[in-house]
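Chains as they are written, first to last, in my numbering: chain Z, 1 to 111; chain C, 1 to 114.
C-beta atoms are modelled at their ideal positions from N, C-alpha and C, and glycine is treated no differently.
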């Protein structure tokens, strides 16, 4: 297994439904970030949660972090077709440090 | 404020040729990271540079790959004698300083080795 593994690998939902994806990691972290990647494009930063935080919200996004279980979840509420993308979690050991990415969850939101 | 710029966006090389990938970080950013993404996979860290210094190259293959970030100009990722296994998307990210957690990604360069 690798640091930062997402589950499920793929998710298909109807517009308006919620999408939940999980990320597990192995080593201690300073922060965990979620990124979105549209097909063939670069990554867009969505949200960052620090190791001393348990939950964070940004618009329709909700991220939780459980450091005792070394896991995080990303919830997208009221999904839209434009949310169709791959979502990656990435962990960092410190500021100004490399990120370790998981394999991603491919989300398809059907209109 | 322009984002991270990478060029070329697409690069085709024959086996044995050299590939040069360029990355211009966001204005004011002095930290550059290179990542590689194979099809259907996540990004893998390659190298972290500051101006004129390589800070962490733990993800770089031992041979054929090199990176630089000169005082003036873009960061360059150079792959010599490319092989088919080098075909991937190469992403550059930048951050402003050591206190920043978030990295800003460029659109990537898709390298195809024929």
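Inset, instruction - Indicate the three-state DSSP secondary structure (helix, strand or coil) for residue 84 (chain C) in the structure shown. - result: In the structure shown, residue 84 (chain C) sits in a helix (DSSP, three-state: H, G or I).
Inset, instruction - Give me whichever residues DSSP pairs with residue 50 (chain C) in a beta bridge. - result: Residue 50 (chain C) pairs with C:31 and C:53.
Inset, instruction - Give the residues from the stretch 32-51 of chain Z that approach chain C closer than 9 Å (Cβ to any Cβ), ordered along the chain. - result: Residues are counted here when their Cβ sits less than 9 Å from a Cβ of chain C; for the stretch 32-51 of chain Z these are 33, 35, 37, 40, 41, 42, 43, 44, 45, 48 and 50, given in chain order.
Inset, instruction - Identify whether residue 78 (chain Z) lies in helix, strand or coil by the three-state DSSP scheme. - result: In the structure shown, residue 78 (chain Z) falls within a coil segment according to DSSP collapsed to helix, strand and coil.
Inset, instruction - Verify the CB distance criterion: does residue 67 (chain C) have a CB-CB separation below 9 Å to chain Z? - result: Output row for residue 67 (chain C): interface = no.
Legend entry - Inter-residue CB distance, residue 67 (chain C) and residue 54 (chain C) (contact presumed, cutoff 8 Å): Between residue 54 (chain C) and residue 67 (chain C) the Cβ distance is about 7 Å, and since that is below 8 Å, they are a contact.
Inset, instruction - For the beta strand (DSSP E) containing residue 64 (chain Z), list its first residue and its last residue. - result: Counting along the chain, residue 64 (chain Z) sits inside the beta strand (DSSP E) bounded by residues 61-66.
Legend entry - Minimum Cβ-Cβ distance from residue 28 (chain C) to chain Z less than 9 Å: It does not: the Cβ of residue 28 (chain C) has no partner Cβ on chain Z nearer than 9 Å.
Inset, instruction - Rounded to whole angstroms, what's the CA-CA distance from residue 62 (chain C) to residue 77 (chain C)? Just pull it up for me. - result: Residue 62 (chain C) and residue 77 (chain C) have their C-alpha atoms some 14 Å from each other.
Legend entry - Identified DSSP bridge partners for residue 52 (chain Z): The partner list for residue 52 (chain Z) (beta bridge, DSSP) is empty, contrary to what the question assumes.
Inset, instruction - Compute the Euclidean distance between the alpha carbons of residue 73 (chain Z) and residue 111 (chain C), then round it to the nearest angstrom. - result: Taking the straight line joining both Cα atoms gives about 33 Å.
Legend entry - Start-to-end residues for the beta strand (DSSP E) that takes in residue 11 (chain Z): That run of the beta strand (DSSP E) goes 10-14.
Inset, instruction - Determine the extent of the beta strand (DSSP E) in which residue 110 (chain Z) is found, giving its start and end residues. - result: Per DSSP, residue 110 (chain Z) belongs to the beta strand (DSSP E) from 105-110.
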